[in-house]
Structure formats: C-alpha cells, structure tokens
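Structure, as structure tokens:
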C-alpha cells in the first residue's frame with residue numbers, strides 16, 4: 001500500500017503563529033484544516049503506517065489487524081485503511097498526515113522561579129516518607145510506584161513534588177482514567193497553586209492552551225500530546241479503562257518526554273505491577289495506613305437468599321432493609337453498589353419504601369454529576385450506583401453496601417476500592433461495609449485479606465494506633 005495525501009487536502013503554509021499552542025502536541029491534518037497557517041518545526045508522519053503489510057497507528061500504537069478497517073477515500077477515490085481503536089479522537093488513516101510539534105526545550109541550567117503553594121498542613125510520617133521519595137524521583141528523572149491505601153492522602157503527597165517541578169519550570173501532567181476525578185482534582189490543585197496556570201482536559205471541554213505548566217486530564221486526552229511532559233503522574237493506574245486499554249498506556253508513554261519522571265499511584269496494583277515490584281524492576285513506596293492513623297474498616301459478609309424476584313416486586317430484602325433503617329435513624333448516608341446498570345432503577349424503586357431521598361447513577365446517566373452533588377450535600381439518604389463510583393468520590397461518614405457481592409464484576413480490586421469509601425475522614429474514621437452475597441467468592445475473600453494485611457503492616461510499622 002502506498003502512502004499519499006489526499007489531493008484536496010491543502011496544508012497551510014508554515015508560520016510562527018500558534019507555536020505556544022501546539023508545542024508538545026500532535027494533531028491530524030484534518031483537525032487543522034481551518035487554520036490559516038501552521039507553526040514551524042512540525043514533524044509530519046503518516047497517521048497509519050503499513051509495515052510489512054500490517055497497519056500500525058502512529059497515534060495510539062494499535063497493531064491489531066482486527067481493529068483496523070478499510071474503505072474508499074471520498075477525496076482521492078483510493079482504498080485507505082483507518083484505525084478504529086482511537087477513532088473517537090478523530091480518524092487516523094493511511095491518507096491523513098499526523099503533525100507533531102516538539103515541546104519547548106528549557107535552558108540546560110533551569111532557572112528557579114517562584115511557585116506559591118497555599119497548602120501548609122503537616123504530613124503524617126508515612127506521607128512525608130512518600131513525599132520525599134516522589135521529590136527524589138523528580139530530581140533524578142526516574143520512575144516510582146506509590147502503593148498507598150484508599151484514603152491515605154495520595155494527592156497531598158504530591159504537592160511538594162509538584163512545587164519542586166514547577167519551580168524548575170518543568171511541565172507536570174496528572175492523568176486519571178475517569179473524568180469525575182479530573183473535575184474533583186482540578187479545583188483542589190488550583191486552590192493549592194493559585195498562581196500556576198492549570199488546564200483540566202476531558203471529553204467535552206474546550207482544547208485549552210497546551211503550554212500550561214500544570215495539566216490535569218483523563219488518560220484519553222494523552223493521545224493529543226507528544227513528548228510534552230517532564231513529569232507524568234498516572235493516578236489510579238490499575239483502574240478501567242487504563243488498565244485494560246493498551247492504547248492508553250502507549251499514549252502515556254509517548255506524552256512524556258524521553259527524559260522524564262513517571263509516578264504511578266495505586267491502592268490496588270494489578271498482577272503485572274505486583275510482579276514488577278517483586279522482581280525489583282519497578283521502585284515502590286508502600287503506604288499501608290491512612291493519614292489519620294486509624295485502621296482500615298474491614299468488610300462484613302452478609303449471606304442472603306436470591307433477591308431478584310423481591311426487587312422486581314418492589315420489595316427490599318429484609319436484612320438489607322433492617323440495616324438501612326438503622327443507618328437512616330443515625331443520619332448515616334449510604335452508598336449502595338449493584339453489579340449492573342439494569343439493577344439501578346430496580347433497586348431505587350424498591351428503596352422508595354424505605355426513604356424518598358434515594359437516587360441511582362451509572363456510567364450512561366447524564367444526571368450523574370448533579371446526583372453525586374446532591375448526595376454529597378446531604379439531600380439524598382441513599383445513592384445506588386454501579387462500580388462507576390468505586391473510586392474518586394469521598395463522602396464523610398458514609399456506610400457502604402455491596403449488593404450481590406458474589407457477581408463477577410466485584411473483583412478483589414473493585415471491592416477494596418469500594419471499601420475504601422468508608423472511614424476516610426479523621427473525625428469519622430470508622431464505618432460499616434457490608435458484602436451482601438449468595439455465596440462467598442475468592443474475590444471477596446481476597447479483598448478482605450488485602451485490607452487485613454494492610455492493617456497488619458501499618459501496625460507493625462507503627463503507623464496506626
């Protein structure tokens with residue numbers, strides 16, 4: 001297959017305009033067709049190359065033949081091959097160039113600039129140790145995994161490292177798999193670094209100025225960057241979709257500069273990462289305790305009879321109803337996790353006999369954000385959710401129910417993360433976590449053992465009372 005550019009595609013003449021916008025970025029030529037001129041010093045590559053008769057996407061790294069398709073180009077009437085793996089970001093094909101601009105290179109001796117940080121609280125000993133390791137990693141352009149329990153204060157551990165990098169005029173990116181986390185994290189960072197320009201990027205936001213020194217974005221947005229960042233921080237590296245999607249890992253690798261620091265944050269590393277840590281191929285700092293020095297609450301399994309028939313009839317299983325009434329009397333908000341989107345409306349309907357202040361959310365719910373805010377503000381007593389809210393949302397004093405915890409979607413990682421919603425605040429460090437099940441699973445047992453082991457380590461290290 002030969003490479004060519006559609007004859008009808010007229011690339012604008014090069015210009016110095018927009019240089020600050022595109023530095024460290026990559027765009028399809030079709031995305032820039034409305035620009036009157038292009039900045040200088042771009043590298044132009046085929047967005048899809050065919051190597052030994054196999055297509056390779058130059059933006060997302062896709063090499064799977066089954067994730068490519070072909071059709072006749074409307075411009076040049078020739079057959080072209082396009083990548084389906086990253087098509088949501090615009091179509092890469094054998095007919096469309098991909099333009100890349102290198103990030104601006106700083107002086108060899110970076111001048112130290114002022115970087116005001118308003119956060120002045122003290123770190124726990126465990127947090128301080130992790131913070132110093134992060135600073136050392138940034139100084140030496142190395143890679144580290146921060147394995148810290150849910151609610152350990154991972155964000156606070158980053159502050160000094162981020163300040164150190166910004167003072168040296170380095171660019172910092174914090175990428176996370178979920179847009180909910182971007183929306184929650186960006187305001188916090190703006191408050192901590194009020195004088196530092198920050199861009200928050202996720203689907204639906206405007207493509208803000210690329211040269212902001214601090215970027216918070218979803219991992220999908222990394223497909224827009226190329227050798228842009230001195231510090232690449234991946235939050236929740238084990239979370240879906242990042243952990244299951246090779247193109248996102250490829251994007252994270254290529255968005256970082258060739259000489260850069262990489263910091264991976266996780267409470268539940270996957271098997272591959274655990275293997276790397278065990279074999280010493282990846283440096284790590286492990287934080288088995290929360291900042292408030294209280295043990296992690298342990299889940300309690302609660303056996304139940306099959307309940308689908310009751311729920312379809314609009315009835316809440318007796319044991320669940322009893323626990324809910326106890327919590328409601330004490331004004332304890334309840335997170336109730338169900339395995340599927342279809343379970344959400346059925347459970348919400350049944351719970352209306354317990355309280356009218358109940359709502360449900362899932363990944364396709366357009367009202368998810370305002371409903372979470374209602375729950376956060378106390379307008380809702382119970383929020384029913386799928387695993388979409390297993391991470392990144394903190395509600396003080398909450399109790400958690402995992403309904404049908406035996407279902408496959410509730411893996412060890414998911415159950416540990418869900419349990420991590422409880423007891424996060426210093427004034428309410430305890431709480432209830434109930435796994436309602438029709439038979440215990442290895443994943444349930446592994447999750448409970450995981451939490452128990454973290455408490456054991458924390459006590460052995462003197463990190464909890």
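Residue numbers (UniProt numbering): 1 to 465.
Glycine included, C-beta positions come from ideal geometry on N, C-alpha and C.
Exercise for the section: In the DSSP assignment, find the unbroken beta strand (DSSP E) run with residue 100 in it and report its ends. Expected result: Here the beta strand (DSSP E) through residue 100 covers 97-101.
Exercise for the section: Count the C-beta pairs between the stretch 165-178 and the stretch 218-235 that are closer than 8 Å, then say yes if the count reaches three, no if not. Expected result: The way I'd put it, the stretch 165-178 does touch the stretch 218-235; three or more beta-carbon pairs between them come closer than 8 Å.
Problem - Nonlocal neighbours in the same chain, by C-beta distance under 7 Å from residue 268, ignoring five residues either side - result: The answer, listed in chain order, is 238, 413, 416 and 417.
Handout entry: Endpoints, alpha helix (DSSP H) assigned at residue 287
Key = That residue, residue 287, is in no alpha helix (DSSP H); its beta strand (DSSP E) goes 283-287.
Exercise for the section: Taking residue 99 as the reference, give the member of 47, 74, 117 and 140 with the closest Cα. Expected result: Ranking 47, 74, 117 and 140 by CA distance to the CA of residue 99 puts 47 first.
Practice task
Quickly, what does DSSP pair residue 303 with across the bridge? List them, please.
Solution key: Looking at the DSSP output, residue 303 bridges to 437.
Problem - Distance between residue 298 and residue 451 (C-alpha atoms, nearest Å) - result: Cα-Cα distance, rounded: 7 Å.
Exercise for the section: Assign residue 189 to one of two classes, buried (16 or more other C-beta atoms within 10 Å of its C-beta) or exposed (fewer than that). Expected result: Here residue 189 is buried, its C-beta having at least 16 other C-beta atoms within 10 Å.
Exercise for the section: Would you kindly report the start and end of the unbroken beta strand (DSSP E) that includes residue 48? Expected result: It spans 48-51 - the beta strand (DSSP E) in which residue 48 sits, taken as one unbroken run.
Practice task
Please report how far the alpha carbon of residue 57 lies from the alpha carbon of residue 93, in whole angstroms.
Solution key: Those two C-alpha atoms are separated by around 8 Å.
Practice task
Could you have a look at residue 75 and say whether DSSP puts it in helix, strand or coil?
Solution key: Look at residue 75 here: in three-state DSSP terms it is coil, with no helix or strand label.
Problem - the stretch 70-77 touching the stretch 156-165, judged by at least three CB pairs closer than 8 Å - result: Taking a contact to require three or more Cβ pairs closer than 8 Å, the stretch 70-77 and the stretch 156-165 do not qualify as touching.
Practice task
Decide yes or no for the touch test of the stretch 306-319 against the stretch 366-383: beta carbon pairs closer than 8 Å, at least 3 of them.
Solution key: No: fewer than three Cβ pairs fall under 8 Å.
Exercise for the section: Give the secondary structure of residue 202 by DSSP, where H, G and I count as helix, E and B as strand, and everything else as coil. Expected result: Coil.
Exercise for the section: Determine the direct distance from the alpha carbon of residue 360 to that of residue 366, and round the result to whole angstroms. Expected result: Cα to Cα, the separation comes out at about 11 Å.
Problem - Neighbourhood of residue 202 by C-beta, 6 Å cutoff - its chain only, sequence neighbours within 5 removed - result: Cβ within range, chain order: 179, 182 and 218.
Handout entry: Own chain, CB closer than 7 Å to residue 195, minus 5 neighbours either side, in chain order
Key = Hits under 7 Å: 116.
Exercise for the section: Measure how close the beta-carbons of residue 355 and residue 328 come, nearest whole angstrom, since I'm counting them as under 8 Å. Expected result: Going by Cβ atoms, the distance from residue 355 to residue 328 rounds to 6 Å, so yes, they are a contact pair.
Practice task
Below 8 Å on the Cβ atoms is my guess for residue 339 versus residue 407; work out the distance and round it to an integer in Å.
Solution key: Their Cβ separation, rounded to whole angstroms, is 4 Å, which keeps residue 339 and residue 407 in contact under 8 Å.
Exercise for the section: Under the assumption that residue 29 contacts residue 81 (Cβ atoms under 8 Å), give the Cβ distance between them as a whole number of angstroms. Expected result: Separation of the CB atoms of residue 29 and residue 81 is rounded to 17 Å, and the pair is thereby denied contact status at 8 Å.
Practice task
Excluding the 5 residues preceding and the 5 following residue 447 in the sequence, name in chain order all residues of the same chain whose CB lies nearer than 6 Å to its CB.
Solution key: Within the same chain, residue 447 has close Cβ partners 412, 415 and 416.
Practice task
Check whether the Cβ atoms of residue 227 and residue 103 sit closer than 7 Å, and answer yes or no.
Solution key: With respect to the 7 Å criterion, residue 227 and residue 103 are classified as neighbours on the basis of their beta carbons.
Practice task
Measure from the alpha carbon of residue 425 to the alpha carbon of each residue in 130, 398, 141 and 284, then state which is nearest.
Solution key: That would be 398, whose Cα lies nearest to the Cα of residue 425.
Problem - Distance, residue 291 Cα to residue 34 Cα - result: One C-alpha to the other measures close to 51 Å.
Handout entry: Own chain partners of residue 346 with C-beta closer than 7 Å, once the 5 adjacent residues on each side are dropped
Key = Closer than 7 Å at Cβ, skipping near neighbours: 311 and 312.
Practice task
Look at the Cβ atom of residue 256, then the Cβ atom of residue 147, and state whether they are nearer than 7 Å.
Solution key: Taking 7 Å as the Cβ cut-off, residue 256 and residue 147 do not qualify as a contacting pair.
Exercise for the section: Put residue 346 into one of helix, strand or coil per three-state DSSP. Expected result: Residue 346 falls in the helix class under three-state DSSP.
Practice task
Return helix, strand or coil for residue 4, following the three-state DSSP convention.
Solution key: With a pLDDT of 41 at residue 4, under the threshold of 50, the predicted position of this residue should be treated as unreliable, though the coordinate-derived value follows. Correct three-state label for residue 4: coil.
Exercise for the section: Starting from residue 70, follow its DSSP beta bridges and name the residues at the other end. Expected result: According to DSSP, which records beta bridges pairwise, residue 70 is partnered with 81.
Practice task
Kindly indicate the opening and closing residues of the alpha helix (DSSP H) around residue 327.
Solution key: The continuous alpha helix (DSSP H) containing residue 327 extends over residues 318-329.
Practice task
Please determine, among 443, 264, 124 and 220, the residue with the shortest C-alpha to C-alpha distance to residue 87.
Solution key: Cα-wise, what sits closest to residue 87 is 220.
Handout entry: Cα-Cα separation between residue 409 and residue 44, rounded to whole angstroms
Key = Just so you know, the alpha carbons of residue 409 and residue 44 end up roughly 43 Å apart.
Problem - Closest by C-alpha distance to residue 187, when choosing among 348, 214 and 390 - result: Scanning 348, 214 and 390 for the CA closest to the CA of residue 187 turns up 214.
Practice task
Quick one: measure Cβ to Cβ for residue 289 and residue 123, integer angstroms, because I've assumed they're closer than 8 Å.
Solution key: Going by Cβ atoms, the distance from residue 289 to residue 123 rounds to 12 Å, so no, they are not a contact pair.
Exercise for the section: Measuring alpha carbon to alpha carbon, tell me which of 335, 216 and 455 ends up nearest residue 421. Expected result: It is 335.
Practice task
Could you check the C-alpha separation between residue 27 and residue 224 for me, to the nearest Å?
Solution key: If I take the Cα positions, the gap works out to 7 Å.
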